[in-house]
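Novice: Take a look at the following structure, please.
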Ligand SMILES: CC(C)(COP(=O)(O)OP(=O)(O)OC[C@H]1O[C@@H](n2cnc3c(N)ncnc32)[C@H](O)[C@@H]1OP(=O)(O)O)[C@@H](O)C(=O)NCCC(=O)NCCS
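In this note's numbering, the protein residues as written are 186 to 481.
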């Protein structure tokens, strides 16, 4: 890295290089923080890399002033991707090239993204376990809530019959935005355009409770929100039922405010681990809510 790198807005043409950089940074982080009993670190598959690029192109399009790269003569050194939804600022991606970390590039990138959130009442980040990352977030005024992860295969015999859940569609966006405003204080709005294309959507819409879940390709929730625990529990069971019986499935991003999710995972003998943080500003941990890494 030369001393004369600069920070500039990200453009759609940067996205492939930024994808490769973040993949390298997260693979390096997974190797550094690997724990016995966890799956071996893996690079993103081409399918997951394509999904990543689609999400970030969407955010560069809708939140151009929230997306930044640091660059020198050798290319992109780091990147940050953030968005504003209602009165909340959210960080979707943040990485500096391995080997160049710890020299202040990340701080400049985060400051640029945080400036996009000036005037926002709330802030939300799905934080990794990287000590430099959480140092940056705390120094930026975020409260760090440790989060948990459930992992394991789900036996068919453990699955209860869930009757109130139906398949969802783009027509459910107003319902989902209303649930999100009640539960996390901000709608996902335009992000549903990407989410409904990438994930199966399941919905509960009853007088006694409403909610939705985007289901990950291997089963388990990518994002789940509901107005009460009973509805959230039904949605989580439905998401777990989409897994293969012999394949481990994950329920990530469980904060201590979401014990209903722990109870579901433990009922089907999934393993419970600590993993990362939910970093919040001006906001309590949302519940019943399981955030996604990118769109929160
Ligand atoms: C998080 C990340 C983007 C920060 O970028 P960076 O260029 O390393 O950040 P900076 O150098 O500006 O700041 C890092 C801070 O951590 C400190 N630090 C460096 N190594 C550290 C370590 N091993 N333990 C604790 N703190 C450390 C640095 O001194 C610096 O603090 P200071 O500015 O107050 O002195 C980068 O480290 C990264 O890509 N990490 C892996 C991916 C990741 O976890 N991203 C966050 C996703 S939520």
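The beta carbon of each residue, even a glycine, is placed where N, CA and C say it ideally should be.
Hey, how far is the Cα of residue 412 from the Cα of residue 472?
Specialist: On the chain shown, residue 412 is found 227 positions in, with the first residue counted as 1. On the chain shown, residue 472 is found 287 positions in, with the first residue counted as 1. For residue 412 and residue 472, the distance between alpha carbons rounds to 8 Å.
Novice: Start and end of the beta strand (DSSP E) containing residue 435?
Specialist: Reading the chain shown from its first residue, position 250 is the one you call residue 435. Taken as a continuous stretch (DSSP letters only), the beta strand (DSSP E) holding residue 435 covers 434-440.
Novice: Would you say the beta carbon of residue 317 is closer than 6 Å to some non-hydrogen atom of ligand 1?
Specialist: Stepping through the chain shown from its first residue, residue 317 is reached at position 132. Checking every heavy atom of ligand 1 against the Cβ of residue 317, one is found closer than 6 Å.
Novice: Just how far apart, CA to CA, sit residue 341 and residue 449?
Specialist: As a first step, residue 341 must be located in the chain shown, where it is residue number 156. As a first step, residue 449 must be located in the chain shown, where it is residue number 264. Rounded to whole angstroms, residue 341 and residue 449 show a C-alpha spacing of 14 Å.
Novice: What separation, rounded to the nearest whole angstrom, lies between the Cα atoms of residue 246 and residue 266?
Specialist: Along the chain shown, read from residue 1 onward, the residue named residue 246 stands at position 61. Along the chain shown, read from residue 1 onward, the residue named residue 266 stands at position 81. Rounded to whole angstroms, residue 246 to residue 266 spans 11 Å at the Cα level.
Novice: Could you name the residues of the same chain whose beta carbon sits closer than 7 Å to that of residue 202, not counting the 5 residues immediately before and after it, in chain order?
Specialist: Counting from one through the chain shown, the residue named residue 202 turns up at place 17. So the qualifying residues of the chain are 260 and 261.
Novice: Contact check, residue 424 vs residue 396 under 8 Å by CB: the rounded distance?
Specialist: For this step, residue 424 is matched to residue 239 along the chain shown. For this step, residue 396 is matched to residue 211 along the chain shown. Not really, about 11 Å apart at Cβ, beyond 8 Å.
Novice: Hey, out of 474, 248 and 236, whose CA is closest to residue 194's CA?
Specialist: Working through the chain shown from its first residue, we reach residue 194 at position 9. When each option's Cα is compared against that of residue 194, the closest is 248.
Novice: Run through the DSSP bridge pairs and tell me what residue 267 is partnered with.
Specialist: As a position in the chain shown, residue 267 is number 82, starting the count at 1. For residue 267, which the question treats as bridged, DSSP gives the partners 276.
Novice: Please tell me whether, using a cut-off of 6 Å, the distance from the CB of residue 357 to the nearest non-hydrogen atom of ligand 2 is below it.
Specialist: Judged by which ligands are present, ligand 2 is missing from the structure shown, whose ligands are ligand 1.
Novice: By alpha-carbon positions, which one of 440, 376 and 466 ends up nearest to residue 242?
Specialist: The sequence position of residue 242 within the chain shown is 57, counting from 1. With distances taken between Cα atoms, residue 242 lies closest to 376.
Novice: Which two residues bound the contiguous alpha helix (DSSP H) that contains residue 456?
Specialist: Along the chain shown, read from residue 1 onward, the residue named residue 456 stands at position 271. Per DSSP, residue 456 belongs to no alpha helix (DSSP H); it is in the beta strand (DSSP E), 456-466.
Novice: Alpha carbons only, please: which of 200, 332, 256 and 213 is nearest the one belonging to residue 244?
Specialist: Stepping through the chain shown from its first residue, residue 244 is reached at position 59. Of the listed residues, the one whose Cα sits closest to residue 244 is 200.
Novice: Going by beta-carbon coordinates alone, are residue 307 and residue 467 separated by less than 7 Å?
Specialist: Stepping through the chain shown from its first residue, residue 307 is reached at position 122. Stepping through the chain shown from its first residue, residue 467 is reached at position 282. Yes, Cβ-Cβ distance for residue 307 and residue 467 is below 7 Å.
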